[in-house]
Amino acid sequence: MQITSEVLTFLKKVVRTAELVDIDNIIIETGCVRAIDDKKTVLIFQEDNIPILPFDSIGLNRTGVFTSRLQLAETRDNFTVDAILNTEGDQVISLTMKGAGMKIDYRCANPTTVKAPKKMLDTLKYRVPLNSEAVMLLQRAHVAMPQLSDIQVVTILSNKDGVSFELADSNNDVFSHTFTLSAENLVDGEPVLFANRYPVKTLLSLFKQNPEGFFDIGEKGILNVVVNDLNVFVLPQV
């Protein structure tokens, strides 16, 4: 079964977004994209703007391998990608990338082994505008304030004085930068008050894609950024 250019473009977009945040396990199924990283700190969950698939589901892992093989095959004339289905005809078990004088196989993941959430359990409540200066300062502060933990975190804090980034180094020295006064409550007219910690490297990877954009915060602390028209959610750290 030959994959259409629309579906292939969508697969590439999903993989490109996943690679930004070290996600290596993806399931794309009818009406939904689900993916999560091994540390369970960030996930992709998308139910809108998904093209009609000629199969029920496809699992993608080894995303770097997928990208490198696809880029190699794309250089050839008459480039196509064929999906090989299981005996039931509902899951893609492999892709065959073909061009003039070339054929490359890529074995897909079993979609049932991808343990990404099947629904979101948080309601987005706050919207916070970004700016390029804030992203630049966060990048520099991350370098200047080293932490010893495996997952280095930044606290995003909102109170009556505005929304701030806070980073503490291993000696508990603190960097703080108030970067906006105009956060918005999307649900009601109550003040915008929250304080949550997130993996700083993950946030930087996402914020750099659109430093003049915005992010949303859920009632339970989940942080949402739209990248490449896909919803990426960063989980708060304890």
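The numbering used here applies: residue 296 is where the sequence shown begins, and numbers increase by one.
Note that beta-carbon positions come from the ideal geometry of N, C-alpha and C, so glycine has one too.
As the structure is a prediction and not an experimental result, all values here were calculated from the model.
Spatially closest choice to residue i from the options, by CA coordinates
i: T375; options: A478, Q297 and G359; result: Q297
i: Y493; options: G326, A330, K334 and V328; result: K334
i: I353; options: F460, V302 and R435; result: V302
i: G484; options: V495, V309 and Y421; result: Y421
i: N505; options: S363, V521 and V495; result: V521
i: N523; options: V309, S300 and T299; result: V309
7 Å CB neighbourhood of residue i in its chain, flanking five on each side removed
i: M539; result: Any answer about residue 539 is impossible in this case: the structure gives the chain only from 296 up to 533.
i: N381; result: I388
i: E514; result: D417, T418 and K420
Pair within 7 Å by beta-carbon distance, residue i and residue j
i: V482; j: S453; result: no
i: L419; j: N491; result: no
i: S459; j: L443; result: no
i: L338; j: A411; result: yes
Under the three-state DSSP convention, the category residue i falls into
i: F539; result: Residue 539 lies beyond the stretch modelled for the chain, which goes from 296 to 533, so this question has no answer here.
i: Q447; result: coil
i: A395; result: coil
i: D482; result: Residue 482 is actually Val in this sequence, not Asp. The answer is coil: DSSP assigns V482 none of H, G, I, E or B.
i: A411; result: coil
DSSP bridge partner residues for residue i (one or two, in chain order)
i: K496; result: Its beta-bridge partners do not exist; DSSP assigns none.
i: C327; result: E324
i: V281; result: The structure shown does not extend to residue 281, since the chain spans only 296 to 533, so no value can be given for it.
i: R402; result: S389
Nonlocal neighbours in the same chain, by C-beta distance under 6 Å from residue i, ignoring five residues either side
i: Q341; result: V328, L525 and N526
i: I318; result: A330 and D332
i: P441; result: D464
i: L462; result: A436, M440, V449 and F470
Residues near residue i in its chain [Cβ-Cβ closer than 8 Å; skip 5 each side]
i: S427; result: P506 and E507
i: A478; result: Y421, R422, V423, P424, S453, G457, V458 and V487
is_contact[residue i, chain D] using C-beta, thresh 7 Å
i: D483; result: Looking at the structure shown, chain D is missing, and only one protein chain is on hand.
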